[in-house]
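Those protein sequence lines, which keep their order, are chains U and B. Residues in the first sequence are numbered consecutively from 232, following the numbering used here. Residues in the second sequence are numbered consecutively from 232, following the numbering used here. Worksheet: one structure, shown below.
Protein chains: 2
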Amino acid sequence: MEDKKKARSSCGVALSLDIIGDKWSLLIIRDMVYLGKDTYGDLLKMDEGIATNVLADRLVALEKAEIITKEVFVGSKSKFKYKLTSKGIDLYPIITEIMYWGSKYCEVKPEQIVIAKMDKQNRDAFTTDVMHKRLKELTDRS
Amino acid sequence: MEDKKKARSSCGVALSLDIIGDKWSLLIIRDMVYLGKDTYGDLLKMDEGIATNVLADRLVALEKAEIITKEVFVGSKSKFKYKLTSKGIDLYPIITEIMYWGSKYCEVKPEQIVIAKMDKQNRDAFTTDVMHKRLKELTDRS
DNA sequence: CTATTTACTTGCATTTTGCAAGTAAATGCC
DNA sequence: GGCATTTACTTGCAAAATGCAAGTAAATAG
């Protein structure tokens with residue numbers, strides 16, 4: 232029953248990384264917030280090829296951390312819908328900064344170079360837009 | 232000799248996480264950019280208690296990724312100095328966003344709550360200041 | 001009522017991390 | 001010069017996280 236590991240320290244960076252500092256969590260959040268994915272099946276199809284057991288495991292962990300919620304689809308019993316909480320949506324600025332760094336220093340696909348060329352103000356506006364969209368979905372039908 | 236794993240995809244987020252998406256890299260960078268640490272010994276003393284072999288391993292990986300450089304101390308042969316490159320310093324905005332999220336949602340130490348209460352403009356200014364300081368050190372004596 | 005979809009679980013190999021101890025060159029001190 | 005200490009690691013082994021292939025089980029579709 233007990234499974235929360237003890238934190239490494241009380242630094243905000245370390246505490247955050249204890250939750251999302253693994254190989255997959257942020258990629259799951261990325262697809263949810265940016266592409267709007269909300270089912271196990273869709274997330275499983277992500278470009279990077281996450282293993283079935285790892286995805287299942289991460290979804291449980293993210294739910295425990297209150298970053299996502301899980302609910303059954305209306306009018307269905309075998310489909311589940313995963314949704315970001317506001318805590319989860321708030322991870323998007325982190326993802327944006329990571330993407331920006333990547334588009335500056337790694338060989339990313341062409342579309343992302345557009346982001347790299349934006350100035351900070353435009354990037355921030357873009358980020359805020361995506362977050363507002365998700366936050367709206369969240370509050371519209373709660 | 233060959234040890235570069237193939238990338239999971241060409242997404243900037245995934246490419247970045249292939250480099251810095253482990254339990255320790257960003258904590259090492261944090262101490263270097265924020266606390267100015269530059270030796271193996273100092274980094275080993277970080278609050279979170281990194282293992283000696285893991286630190287050694289990460290330093291090699293970060294050097295290969297051109298995020299840090301390693302050089303001998305002037306006037307010494309048994310001390311090495313690790314320095315961030317500009318690519319490494321550019322990771323700081325990511326760390327700032329992670330710290331901000333942590334200070335908003337985790338139980339961080341009191342000092343960091345100050346950061347959480349700043350508005351975005353002030354946080355960005357703070358981040359830029361720290362980066363400028365490190366960049367200056369880097370260019371002053373290259 | 002059979003086939004397919006959806007969301008997983010299970011078992012096992014590989015990789016990464018954690019922990020304790022050991023090493024080895026350089027330096028400090030008398 | 002010689003011995004303790006500092007500095008920066010390496011080594012060996014245990015535990016945890018990830019990767020891969022296959023299997024399962026309830027619900028839905030036709």
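Where is the CB? At the ideal position from N, CA and C, for every residue including glycine. Nothing here was measured: the structure is a model prediction, and the numbers come from that model.
Self-check item: Burial state of U/Glu342 (16 or more Cβ within 10 Å)
Solution: exposed
Quiz item: Between which two residues does the beta strand (DSSP E) carrying B/Leu315 extend?
Solution: Phe311 to Leu315
Exercise. Confirm, please, whether the CB-CB distance from B/Leu315 to B/Met349 is below 8 angstroms.
Key: no
Self-check item: Contact under 8 angstroms by Cβ, B/Ser256 with B/Leu286
Solution: no
Practice problem: Run through the segment 256-332 of chain B for me and flag every whole beta strand (DSSP E) of 3 or more residues, listed as ranges in chain order. | Solution: 299-303 and 311-315
Quiz item: Grouping DSSP H, G and I as helix and E and B as strand, with all else coil, what is B/Arg239?
Solution: coil
Self-check item: Simplified DSSP state of B/Val339, which is helix, strand or coil
Solution: coil
Quiz item: Would you call the segment 288-307 of chain U and the segment 300-319 of chain B touching, i.e. three or more CB-CB distances under 8 angstroms?
Solution: no
Quiz item: Applying a beta-carbon distance threshold of less than 8 angstroms, which residues of chain U neighbour B/Ile326?
Solution: Val244
Exercise. Please list the partners that B/Lys318 has in chain U, where partner means a Cβ-to-Cβ separation under 7 angstroms.
Key: Tyr336
Quiz item: Near B/Thr224, what residues of its chain come up, given a Cβ to Cβ distance below 7 angstroms and the 5 sequence neighbours on each side ignored?
Solution: Outside the displayed span of chain B (232 to 373) sits residue 224 of chain B, for which this structure offers no information.
Self-check item: Within-8 angstroms CB hit, B/Arg309 to chain U
Solution: Before going further, note that residue 309 of chain B is Ser rather than Arg in the sequence given. So no, B/Ser309 is outside the interface.
Exercise. Please classify U/Glu233: is it buried, with 16 or more other beta-carbons within 10 angstroms of its beta-carbon, or exposed?
Key: Since pLDDT at U/Glu233 reaches only 46, below the 50 mark, its modelled position is unreliable, and no value is offered.
Quiz item: U/Gln343 versus chain B: which residues are under 8 angstroms apart at the beta carbon?
Solution: Cys242 and Gly243
Quiz item: So, are the CB atoms of U/Arg289 and U/Ile320 less than 8 angstroms apart?
Solution: no
Quiz prompt | Pick from B/Gly280, B/Met362 and B/Lys308 that is closest to U/Ser240, judged by C-alpha positions | solution = B/Gly280
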